[in-house]
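Notes for the one structure printed next.
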Amino acid sequence: MFKVGHCSQATDAGSIAVERTEVQGKEKEAEETRRIEEETRKVAEEEKVRAEFEKKEALKKEEIAVQKKLEETSPERKRVLGVEADVHKQKSFVATLKDELITVGTENLEGRARIEALCKDAAGNLIR
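The sequence shown maps to residues 1 to 128 in UniProt numbering.
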């Protein structure tokens, strides 16, 4: 009257559907993670370009101020130009630090993404 194999097939089909849904969810999550990483990388690259531009501009202005200081004869004007050169030197230093912070921040995000992926894989393996 009852077919023994029939119930087993329904359970197998259900578990396959559940596994398929889990795999699709993981694929979607992985794609979202890749998209976020790519956006983060693009923003970091843009910020690095800006920081590099700021650094070049500051160095150029510092050089101009130093040159003017060498040409100037008035002691007050020399002091002002010296301070101006120092300000531009500090701006260059700040731009360099900004560039380094962007690099470190990007590396941290990439490392964190790798750790999260490893944790998810490990958790997925433990469940099975």
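Even for Gly, the Cβ is constructed at its ideal location relative to N, Cα and C.
Since we're looking at a predicted model, the values are computed, not measured.
C-alpha of K42 to C-alpha of E107: approximately 13 Å in a straight line. By the criterion of at least three beta-carbon pairs nearer than 8 Å, the segment 94-114 is in contact with the segment 33-53. Taking all protein chains in view, the Cβ of E38 is surrounded by fewer than 16 other Cβ atoms within 10 Å, so the residue is classified as exposed. Setting aside the 5 residues that flank it on each side, E47 is surrounded in the same chain by I102, each with a C-beta closer than 7 Å to its C-beta; the list follows chain order. Cβ-Cβ distances below 7 Å link E31 to nothing in the same chain once the five nearest sequence neighbours on each side are left out.
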